[in-house]
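Q: Its first residue numbered 63, the sequence shown is counted upward by one per residue in the working numbering. C-beta: ideal position from N, C-alpha, C; glycine also.
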Amino acid sequence: MDIKKHIPNFITLLNLFCGSIAVIFAVNNSLILAAFFVFLGIFFDFFDGFFARKLNVSSEIGLQLDSLADMVTSGLVPGIVLFKLISLSIDAPAFADTNTDWNDMFQFSGFKASVLPLIGLFVTCASAYRLAKFNIDVEQQDFFKGLPTPANTLLIMSLPLIIEFQNNDLINSIILNQWFLIGLIVFSCYILTSNIKLFALKFKDYSFKNNIIRYVFLILCVVLLIVLHFAAIPLIILLYILLSIISK
């Protein structure tokens with residue numbers, strides 16, 4: 063039995079495992095812990111492909127498994143988080159039953175909810191479409207068409223971290239504004255499913271001349287993170303999109 067061919071798939075399953083834990087935390091309003099496990103899942107998502115290439119064990123099942131894991135970590139979780147944030151913005155109760163007794167868990171009379179937060183799940187749907195499109199598009203080797211789901215997820219998952227750790231009333235009031243969140247959902251759905259070409263962070267060599275856009279981007283990322291901390295993440299995603307458009 064060749065163990066090494068299973069290593070990338072095991073790492074992919076770690077991504078799925080982290081994403082599943084993040085779902086549990088997000089549903090229970092622990093958005094900071096949900097963000098932590100999403101970031102950990104995205105970390106594993108990066109290294110499954112890395113090891114598949116290094117060990118030369120890329121496979122069709124690995125490709126499909128990667129998308130299924132991403133659908134949870136980078137598709138379902140950000141949709142739930144947006145649902146929760148919109149619920150906060152309009153001061154509406156999320157889907158939750160006030161009864162905790164096991165015999166009451168399947169009763170629907172205790173549910174209270176607003177319809178508006180459900181639009182957060184549009185991002186989950188757009189993520190599924192983007193992942194399916196990526197799987198059948200043979201062109202996306204050196205670039206991406208539309209924003210990759212992990213990048214969009216980093217953007218969304220940064221919001222509760224900014225609220226919790228940046229301690230800026232103005233920024234918090236913007237993030238928890240329902241119109242800002244609705245605009246973010248529209249933007250996410252568009253950029254995920256668009257055909258805008260965005261550069262990939264894959265280095266065929268490490269020469270500055272052939273990778274100038276990548277080096278500039280990485281340097282700016284480090285500077286922004288040092289200066290702005292979690293608030294840098296949305297700016298980094300926008301910078302990535304702008305640099306991609308300029309470079310083309």
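With C-beta atoms as the reference, is L260 less than 8 Å away from L209?
A: Here the question's residue 260 lines up with position 198 in the sequence shown. Here the question's residue 209 lines up with position 147 in the sequence shown. Against a cut-off of 8 Å, the Cβ pair of L209 and L260 comes out as a contact.
Q: Between the stretch 113–132 and the stretch 227–246, do three or more beta carbon pairs fall short of 8 Å?
A: The stretch 113–132 is not in contact with the stretch 227–246.
Q: Give me the residue from L138, S151 and S129 with the minimum Cα distance to I198.
A: Here residue 198 refers to the residue found at position 136 when the sequence shown is read from its first residue. Cα-wise, what sits closest to I198 is S129.
Q: Kindly indicate which three-state DSSP category K207 falls into: helix, strand or coil?
A: One-based indexing of the sequence shown puts residue 207 at position 145. The answer is strand: DSSP assigns K207 an E or B state.
Q: With burial defined as no fewer than 16 other Cβ atoms inside 10 Å of the residue's Cβ, what is the status of D166: buried or exposed?
A: Residue numbering aside, residue 166 sits at position 104 when the sequence shown is read from its first letter. In this prediction, D166 scores a pLDDT of 48, lower than 50, which makes its location untrustworthy; no coordinate-derived value is stated.
Q: Hey, how far is the Cα of G111 from the Cα of D204?
A: Residue mapping note: residue 111 aligns to position 49 of the sequence shown, counting from 1. Residue mapping note: residue 204 aligns to position 142 of the sequence shown, counting from 1. Their backbone Cα atoms lie some 14 Å apart in a straight line.
Q: Pick from A213, L287, K146 and I236: whose alpha carbon is nearest that of Y302?
A: Start at 1 with the first residue of the sequence shown, and residue 302 comes out as number 240. Taking only the C-alpha atoms, the option nearest Y302 is A213.
Q: When burial is assigned at 16 or more other CB atoms within 10 Å of the CB, is L216 buried or exposed?
A: In the sequence shown, counting from the first residue as 1, residue 216 sits at position 154. With 16 or more Cβ atoms within 10 Å of its Cβ, L216 is classed as buried.
Q: Label L304 either buried or exposed according to how many other C-beta atoms from any shown protein chain fall within 10 Å of its C-beta, with 16 as the threshold for buried.
A: In the sequence shown, residue 304 corresponds to position 242, counting from 1. Counting Cβ neighbours within 10 Å, L304 comes out exposed, since fewer than 16 surround it.
Q: Keeping to the same chain, check which residues put their C-beta closer than 8 Å to that of A190; ignore five residues upstream and five downstream.
A: Taking the first residue of the sequence shown as position 1, residue 190 is located at position 128. Same-chain partners within the cutoff: M133 and G137.
Q: Can we say the stretch 73–82 touches the stretch 99–106, given the rule of at least three CB pairs closer than 8 Å?
A: Yes: at least three Cβ pairs fall under 8 Å.
Q: Distance check for K310 and N90, CA to CA, integer angstroms please.
A: Stepping through the sequence shown from its first residue, residue 90 is reached at position 28. Stepping through the sequence shown from its first residue, residue 310 is reached at position 248. Computed Cα separation, rounded: 43 Å.
Q: Run through the DSSP bridge pairs and tell me what L260 is partnered with.
A: As a first step, residue 260 is located in the sequence shown; it is residue number 198 there, counting from the start. L260 is bridged to F206.
Q: Grouping DSSP H, G and I as helix and E and B as strand, with all else coil, what is L150?
A: As a position in the sequence shown, residue 150 is number 88, starting the count at 1. In the structure shown, L150 sits in a helix (DSSP, three-state: H, G or I).
Q: Quick check on DSSP: helix, strand or coil for D110?
A: As a working note, residue 110 is residue 48 in the sequence shown. Correct three-state label for D110: helix.
Q: What span of residues does the alpha helix (DSSP H) with G245 cover, start to end?
A: Mapped onto the sequence shown, residue 245 falls at position 183. Looking at the DSSP string, the run of the alpha helix (DSSP H) that includes G245 is Q240 to T255.
Q: Taking Cβ positions, are F87 and F99 nearer each other than 8 Å?
A: Translated into the one-based positions of the sequence shown, residue 87 becomes position 25. Translated into the one-based positions of the sequence shown, residue 99 becomes position 37. Yes, the Cβ-Cβ distance between F87 and F99 is below 8 Å.
Q: So, under 8 Å CB-CB, L178 and I152 are touching, yes? Tell me the CB distance rounded to an integer number of Å.
A: Taking the sequence shown and counting its residues from 1, one reaches residue 178 at position 116. Taking the sequence shown and counting its residues from 1, one reaches residue 152 at position 90. With 8 Å as the limit, L178 and I152 qualify as a contact, their Cβ atoms being about 6 Å apart.
Q: For a test of the three-state rule: what should DSSP assign to Q228, helix, strand or coil?
A: If you number the sequence shown from 1, residue 228 lands on position 166. In the structure shown, Q228 sits in coil (DSSP, three-state: anything other than H, G, I, E or B).
Q: Taking V143 as the reference, which of L287, S256, S220 and V284 has the closest Cα?
A: Along the sequence shown, one-based indexing puts residue 143 at 81. When only C-alpha atoms are compared, the closest one is S220.
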